[in-house]
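First up is the structure itself, then whatever we jot down about it.
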Amino acid sequence: MKQDFSELRLDRVTRRFATSSGETFIALNEVTLTIRRREFVALLGPSGCGKSTALNCIAGLLPPSGGTISLDQTRIDTVPPERRGFGMVFQNYALFPHMSVARNVGFGLRMRGVSQSEVDKRVADVLRMVQLSGQEQKLPGQLSGGQQQRVAIARAIVIEPPLVLMDEPLSNLDAKLRLETRSEIRRIHRELGRTTIYVTHDQDEALSLSDRIVVMIDGMVHQVGTPQEVYAEPSNIQVARFMGYRNVIELNVEREEGDRVILSGPDFPLTGTRKQALAGGRAQVAIRPEDITIGDGADTANTITARVDNIEYSGRDSLIEVLLPSRVRVYARSATPVKLGDTVRMHVPAARALVYPLQ
Amino acid sequence: MTGHPGGIPSQSDRALLLVVPATVFMLALFIYPFLYGLLLSFEPTQGGWLENYRKFFTTDNLWPTIWTTLRLAIPATLINVGLALPIAFKMRVKTRYQRLVTTILVVPITLGTVLIAEGMLTYFGPRGWLVQTLQFLHIYEGSIRLTHNYWGVLISLVISGFPFAFLLILSYITGIDPVLARAAATLGADAKAQFRHIYLPLLAPGLAICFCLAFVQSFSVFPSAVLLGAPAGPTRVISIAAYEAAFEQYDYSLASAIAMIMGFVQLIIVAAVLALRGLFYRGPVVGGKG
């Protein structure tokens, strides 16, 4: 396969599985996507959304049931994985347990018939890059989880693949190592400039690593955008829920003024911002706990008074749970200390109350 | 393990009691008969204490039985392991045929050597179905002798030994994480290279164990050597020699000596194979955590 390309295209890629009960399960439903050279793209979604299936189709480990995958003008979905030449990092590392670190990393080069002296040189270079120099002769079983994952990354990038595929590479690491390895992955991508597709269910990982995020839910692409767009402007209510808009409240639509929507409910009136065309008299409002401020805001119209029902302390701030008279729970983050049972005034800017049609 | 102060036996001390039944069993049914036979082999009916061993290695119808047996057991073992490996490799992925094929391949285990021998006498005999079919189809019209000679015994050893080798290797292969082969594929290894660089090295220790078990099973061949072979000549295996000494000459001492020699030959081959096994990686056959 050629060493570089300008874009990878997925065109209506579908993958169906037969379940044990004989039914068909659609893991990937007509996914269309274009990934440009040097981009770092995250496939983000809850488990079972088809993101790993998509990655395996791109890698060639799973044949699509329909649609095409092409690299520029070349169709690759019928090419076997060993001839695609993409580097892949697996969730459980998939290091060859009987080979030393050096032999694991050099495997792809040996398969390409690279001379032993060249293999040694490139393995040494890449191990320096992932900070594993001196560990060459160890077996994978003698390394820690974080080291094993760095060997797996080194093994995938040493072949200088046009495309690096990563399938939840950090999910088996503890919190501290996860952050360290995350920075490492970002640094390696910046240094090598390899196009990378990264599968994760962790929105923080996707936000911090990617140039673009593809949000997948139930086998379909729901939104493609920059981290800022996906974080601040979810395209629909499912994406909003997944991206941490923990408060989803059903209200009546009074009237619409431009993209501003005036809503009313049993507890309070609210002005929000429309994100999708509304239909009927009801709508859903999605608000992040971080976007609610405790205390009076400038816009007194969007202010609610309620009693604190639960507090979860998390260091820099606390997650506060308030109970509205209509038994609806609202979650907010507060840096100022509050006590259980206090009555607090909370404010949300109209721009940060996102209004979606009721589904 | 020392007991805790106060004389209360610790958890592990009491756990050791669980070993007692198995130890008694081993002592009564394996160690004692073995030592009994070993001592008996040094008490010949006449001559010095090594007379039986001297006799075995100087009598023309005794010592060659080692070769005769090895000539059957080693090819049979190689065929069984060599045939089972590729078939088990093909069967490693769960398909709807896997269960069916596995069942068919394993059926001979349930039959027993004598039944297989009976069947082979009819099927492979001079007027058996195989010869008749070949002649009817004009494929081969010369005389074929596959019974009452070396080949009859070899075929029967393959039929009865193959299922064991197959089941054993299948369990080793399915224990290897398939993600390893997929990782190798993304690194440029085609099916052949995946087998050579991933499966074979990880299977090697298991194959050695499988070879040992299949070999020991073939080396102690007796019924098929008598029923399907030529027990007076080409398939006069070592167990026949032991049988004759014990039940035709009533020389239990010589029979014990032959049994000891038989065990010793097996031990040499098994030790050699296990020593080779030590050269390979032995450890978990998955690629990391999870």
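If you read the sequences in order, they're chains A and B. Count the first sequence with our numbering and you get residues 1 to 359, in order. Count the second sequence with our numbering and you get residues 1 to 290, in order. Each residue gets a CB set at the ideal place from its N, CA and C atoms; glycine is no exception. Because the structure is a prediction, the values reported are computed rather than measured.
- The C-beta of P266 of chain A has fewer than 16 other C-beta atoms within 10 Å across all chains shown, which makes the residue exposed.
- When the five nearest sequence neighbours on each side are left out, the beta carbons in the same chain lying within less than 6 Å of the beta carbon of R12 of chain A are those of E30, T32, G67, in order along the chain.
- Within the segment 124 to 172 of chain B, the alpha helix (DSSP H) runs of at least 4 residues that lie entirely inside it are, in chain order, 129 to 136.
- Given a length threshold of 3 residues, the segment 261 to 287 of chain B has no whole run of the beta strand (DSSP E) inside it.
- A direct Cα-to-Cα measurement between P33 of chain B and R112 of chain A gives close to 59 Å.
- Taking the Cα positions, I188 of chain A is about 33 Å away from D317 of chain A.
- Counting along the chain, S326 of chain A sits inside no alpha helix (DSSP H), nor does DSSP assign it H or E at all.
- Contacts between L61 of chain A and chain B, judged by CB atoms closer than 8 Å, involve R182, A185, T186 in chain order.
- Per DSSP, the unbroken beta strand (DSSP E) holding P357 of chain A starts and ends at 354 to 357.
- Put simply, the CB of Y243 of chain B is far from chain A, with every gap to its CB atoms at 9 Å or more.
- Of the candidates B:I139, B:I173, B:T113, B:R96, B:T113 places its Cα closest to the Cα of L154 of chain B.
- Put simply, of A:M346, A:S264, A:R255, A:G258 the residue whose alpha carbon is nearest the alpha carbon of I249 of chain A is A:S264.
- Three or more Cβ pairs drawn from the segment 283 to 296 of chain A and the segment 343 to 352 of chain A lie within less than 8 Å of each other, which places the two stretches in contact.
- Look at G22 of chain A: its C-beta is not under 9 Å from any C-beta on chain B.
- For the C-beta of G283 of chain B, the chain A residues within less than 9 Å are, from N- to C-terminus, P97, H98, L139, G141.
- Rounded to whole angstroms, A279 of chain A and G258 of chain A show a C-alpha spacing of 15 Å.
- Interface annotation, D177 of chain B: in contact with chain A, CB-CB separation under 9 Å.
- For A154 of chain A, there are no neighbours in chain B by C-beta distance under 9 Å, as the nearest C-beta there is about 12 Å away.
- Between the segment 253 to 269 of chain B and the segment 50 to 62 of chain B, the count of Cβ pairs shorter than 8 Å is three or higher; the stretches touch.
- Interface flag for P169 of chain A against chain B is unset, since no Cβ pair is found closer than 9 Å.
- I311 of chain A is bridged by DSSP to A:I320.
- Around the beta carbon of H98 of chain A, 16 or more other beta carbons sit within 10 angstroms, so the residue counts as buried.
- For M243 of chain A, no alpha helix (DSSP H) segment is defined, and its DSSP state is neither H nor E.
- Beta-bridge annotation (DSSP): A42 of chain A is paired with A:Y198, A:I213.
- Cβ neighbours of V224 of chain A within its own chain (closer than 8 Å, five residues either side excluded): L33, R212, I213, V214, V215.
- By the C-beta density criterion, I268 of chain B is exposed, having fewer than 16 other C-beta atoms within 10 angstroms.
- DSSP places E23 of chain A outside both helix and strand once states are collapsed to three, so it counts as coil.
- Counted as a single uninterrupted DSSP element, the alpha helix (DSSP H) harbouring H189 of chain A occupies residues 175 to 192.
- Inter-residue distance for V285 of chain A and G315 of chain A is about 28 Å (C-alpha atoms, whole angstroms).
- A Cβ-Cβ contact shorter than 9 Å links L180 of chain B with F96 of chain A.
- Comparing alpha carbon positions, the residue from B:F280, B:V286, B:S253 closest to L38 of chain B is B:S253.
- With a threshold of 16 other beta carbon atoms within 10 Å, E168 of chain A meets it and is buried.
- Between T65 of chain B and A241 of chain B the beta-carbon gap is near 5 Å, inside 8 Å, which marks them as a contact.
- Boundaries for V19 of chain B: no alpha helix (DSSP H) harbours it, and the DSSP string shows neither H nor E there.
- Neighbourhood of A189 of chain B in chain A, by CB distance below 8 Å: E82, F107, M111, in chain order.
- F40 of chain A is classed as buried because its beta carbon has at least 16 other beta carbons within 10 Å across all chains shown.
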